Amino acid sequence: MESRVEEAVDRFRNGCNCAQSVFVTYADHFGLDREVALKLAAPFGGGLAGMRQVCGTVSAMSMLAGLYNGGDKDTRKANYDTVKRMAEKFRTEHGSIRCGQLLGLEPGLPEGFMKKPCTEYVRTCAMLVEEHLLNE
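Numbering (our numbering), first residue to last: 98 to 233.
This is the structure in structure tokens:
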């Protein structure tokens with residue numbers, strides 16, 4: 098499979114929100130139409146509707162993990178394990194999975210914490226999707 102990481106970044110630079118950028122880029126791998134994917138991911142941008150909660154890119158890769166693992170009670174543990182593994186890699190790379198912290202908007206940030214542009218969060222989650230959901 099050819100990498101789509103830069104496609105996800107380009108989507109963000111061209112008007113998709115952070116969650117849409119990741120989700121739409123890979124939705125077709127799971128049988129979702131682009132327009133449906135845009136609508137599903139729209140509310141997750143900006144840390145859930147701009148409320149600066151869990152980063153929209155992390156939410157998008159979590160939704161993709163649900164498509165990958167399935168959605169019934171028998172697959173719940175696999176879903177949770179996959180999401181936790183990817184979220185922890187994101188947290189290790191960027192220091193948090195919370196949008197407000199990632200953007201430097203919350204008090205109590207760790208010493209030396211450095212805000213990065215959202216394109217880096219899109220890039221990281223796209224890479225994690227490819228590594229954990231598409232190349233296994």
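Glycine included, each C-beta is placed from N, C-alpha and C at the ideal position.
Computed from a predicted structure; not experimentally measured.
DSSP state of arginine 108, grouped into three classes?
For the purposes of this step, residue 108 is taken as residue 11 along the sequence shown, with counting starting at 1. Here arginine 108 sits in helix by DSSP.
Can you check whether the CB of alanine 124 is closer than 9 Å to the CB of phenylalanine 141?
Translated into positions along the sequence shown, residue 141 becomes position 44. Translated into positions along the sequence shown, residue 124 becomes position 27. No, these two residues do not count as a Cβ contact at 9 Å.
What are the boundary residues of the alpha helix (DSSP H) that valine 121 is part of?
Taking the sequence shown and counting its residues from 1, one reaches residue 121 at position 24. Residues 115-124.
Looking at C-alpha atoms only, which residue of Glu203, Lys213, Arg195 and Val119 is the closest neighbour of valine 151?
Here residue 151 refers to the residue found at position 54 of the sequence shown. Considering only alpha carbons, the answer is Arg195.
Nearest CA to the CA of valine 226: which residue from Asn114, Val121, Lys136 and Asp107?
To locate residue 226, count along the sequence shown from 1; it is residue 129. A check of alpha carbon separations from valine 226 across Asn114, Val121, Lys136 and Asp107 identifies Val121 as the nearest.
By the three-class DSSP mapping on this structure, what secondary structure does arginine 173 have?
For the purposes of this step, residue 173 is taken as residue 76 along the sequence shown, with counting starting at 1. The answer is helix: DSSP assigns arginine 173 an H, G or I state.
What are the start and end residues of each continuous alpha helix (DSSP H) run of 4 or more residues lying completely inside the region 143-196, in chain order?
The qualifying runs are 153-166 and 173-191.
Taking lysine 136 as part of the alpha helix (DSSP H), name the residues at either end of that continuous run.
Translated into the one-based positions of the sequence shown, residue 136 becomes position 39. Taken as a continuous stretch (DSSP letters only), the alpha helix (DSSP H) holding lysine 136 covers 131-138.
Roughly how many angstroms separate the alpha carbons of glutamate 185 and threonine 154, rounded to a whole number?
Working through the sequence shown from its first residue, we reach residue 185 at position 88. Working through the sequence shown from its first residue, we reach residue 154 at position 57. Those two C-alpha atoms are separated by around 13 Å.
List the endpoints of the continuous alpha helix (DSSP H) containing methionine 224.
The residue labelled residue 224 in the question sits at position 127 within the sequence shown. Here the alpha helix (DSSP H) through methionine 224 covers 215-226.
When you compare only the Cα positions, how much space is there between leucine 164 and tyrosine 218?
By 1-based counting over the sequence shown, the position of residue 164 is 67. By 1-based counting over the sequence shown, the position of residue 218 is 121. Computed Cα separation, rounded: 21 Å.
Rank Met224, Ala162, Ala175 and Arg173 by C-alpha distance to the C-alpha of glutamate 190 and give the top, closest one.
Your numbering for residue 190 matches position 93 in the sequence shown. Considering only alpha carbons, the answer is Met224.
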